[in-house]
Amino acid sequence: MTKPTLADLTAFSAVAAHRSFRRAADALGVSRSSLSHTMLALERQLGVRLLNRTTRSVAPTEAGEALLVRIGPVLRNLDEALDAVADARGNPSGMLRINANEGAARILLKAAVPRFLERFPGMALDLVVEGRLVDIVEQGFDAGVRLEESVPRDMVAVRIGGDLRFVVVAAPSYLEGRKPLITPDDLREHACIRQRLPSGKRYRWEFARRGEEVLVDVPGALTLDNNGLMVEAASAGLGLAYVPEAAARDWLDDGRLVLVLQEWCPFIPGLCLYYPGHRHVPAGLRAFIDVLKEVNGDA
């Protein structure tokens, strides 16, 4: 019997881990059809079915699970050995996949990403922007970037920058002639630009002051799902918007927008890069984390 190649076994391990040909193919950088052919050829070589396939899912058979138990440590040891060589060269190579929301991606692109790609020319970065929070392990990502409060507890987190806050902004023209806002309840008398979350639900604005927390399901005829668009709509006088302060910074600096209810908008822990703590950390991810720490020190 011809022995399977390392590439064949790596492909099988990826399909089993992701429980999806599509996600495994994305992680490996191959086409779904090519990966499917590889798995069929591997099963023919071994003379046993390794995967149970349905129209919606894929999962290892009993024989497949037994093979995974044997090859898992071998593949991990190989990855660690290759990373050790990369560390010795000081030049990691390969693909680093990071999932982030739009605001986090913009922050990474300002300093960390250019410095990382310049310093490590052998690395490629796949930065996927997604509003919803995903399982980075299941989806084949090396790391994710989200607000600290959203990071799963079983992950290792590395802070990016400092604390941040969400603020209520409005155009001076909108506020002119209207009653000043003193408490969050005053929002019920105003036109608010509502936000739809990736889940489809509308976001309730969150406020806090001296231990008191308030949630307001604000009224408004306009609903958007993008911070940048909400800032632009507010600057056009369409109503009040609740956005990360950084998203509105340029408009606030030049006076197109002003802050309201500031004392009800406290700072909260900011963004974190996070990754699984129970798995081997690839050399490329360690290098990216080092760059992040440098950038944080420069700030």
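Heads up: the sequence shown is residues 1 to 299, going by UniProt numbering.
Just so it is clear, CB atoms sit at the ideal spot from N, CA and C, and this is done for glycine as well.
Considering residue i, what are the terminal residues of the alpha helix (DSSP H) in which it resides?
i: leucine 175; result: 172-175
i: glycine 103; result: 102-110
At the level of alpha carbons, what is the spacing between residue i and residue j?
i: glycine 94; j: leucine 78; result: 15 Å
i: proline 266; j: arginine 97; result: 33 Å
i: aspartate 126; j: asparagine 99; result: 8 Å
i: glycine 29; j: alanine 247; result: 33 Å
i: glutamate 206; j: leucine 273; result: 24 Å
i: alanine 287; j: glycine 162; result: 21 Å
i: threonine 61; j: phenylalanine 12; result: 12 Å
i: alanine 59; j: valine 15; result: 8 Å
i: proline 276; j: glycine 237; result: 44 Å
i: glutamine 262; j: alanine 208; result: 10 Å
i: arginine 49; j: histidine 278; result: 29 Å
i: arginine 202; j: valine 231; result: 17 Å
i: tyrosine 174; j: leucine 222; result: 15 Å
i: valine 214; j: threonine 183; result: 10 Å
i: valine 151; j: leucine 68; result: 29 Å
i: glutamate 245; j: alanine 124; result: 31 Å
i: proline 269; j: arginine 106; result: 18 Å
i: valine 134; j: arginine 23; result: 13 Å
i: glutamate 294; j: leucine 181; result: 41 Å
i: proline 198; j: glycine 131; result: 6 Å
Could you tell me the boundaries of the beta strand (DSSP E) in which residue i lies?
i: glycine 140; result: It is not in any beta strand (DSSP E) - glycine 140 carries neither H nor E in the DSSP assignment.
i: proline 121; result: No beta strand (DSSP E) contains proline 121, which DSSP labels as neither H nor E.
i: valine 156; result: 155-160
i: cysteine 272; result: 271-276
Please look up how many angstroms separate the CB atoms of residue i and residue j, rounded, as I've assumed it's under 8 Å.
i: alanine 104; j: arginine 146; result: 7 Å
i: aspartate 8; j: threonine 38; result: 6 Å
i: lysine 160; j: leucine 292; result: The question names lysine, but residue 160 is isoleucine in the sequence shown. Yes, they are in contact, since the Cβ atoms of isoleucine 160 and leucine 292 sit about 6 Å apart, within 8 Å.
i: proline 92; j: alanine 283; result: 4 Å
Beta-carbon of residue i versus every beta-carbon of chain B: anything under 8 Å?
i: phenylalanine 288; result: This model lacks chain B altogether, as it is built from one protein chain only.
Practice item. Quick one: which unbroken alpha helix (DSSP H) runs of 4-plus residues sit fully inside the stretch 189-257? Chain order, please. Key: Counting only runs of 4 or more, we get 227-235 and 249-253.
Check your understanding: Going along the chain, which unbroken runs of the beta strand (DSSP E) with 3 or more residues stay wholly within the UniProt domain "HTH lysR-type" (4-61)?
Key -> The beta strand (DSSP E) runs lying completely inside the UniProt domain "HTH lysR-type" (4-61) and spanning 3 residues or more are 51-53 and 58-60, given in chain order.
Review point. Do the stretch 134-145 and the stretch 217-231 make contact, defined as three or more Cβ pairs closer than 8 Å?
Key: No, the stretch 134-145 does not touch the stretch 217-231.
Practice item. Report yes or no: do three or more beta-carbon pairs, one from the stretch 163-183 and one from the stretch 237-253, lie closer than 8 Å? Key: Touching, yes, given that three or more Cβ pairs across the two stretches are closer than 8 Å.
Practice item. Check whether the stretch 64-79 touches the stretch 252-264, counting contact only when three or more Cβ pairs, one atom from each stretch, lie closer than 8 Å. Key: No, because fewer than three Cβ pairs between the stretch 64-79 and the stretch 252-264 fall closer than 8 Å, the two stretches do not touch.
Point to revise | Meets three-Cβ-pair contact criterion under 8 Å: the stretch 213-220 and the stretch 184-196 | key: Taking 8 Å as the limit for Cβ pairs, the verdict is that the stretch 184-196 does touch the stretch 213-220.
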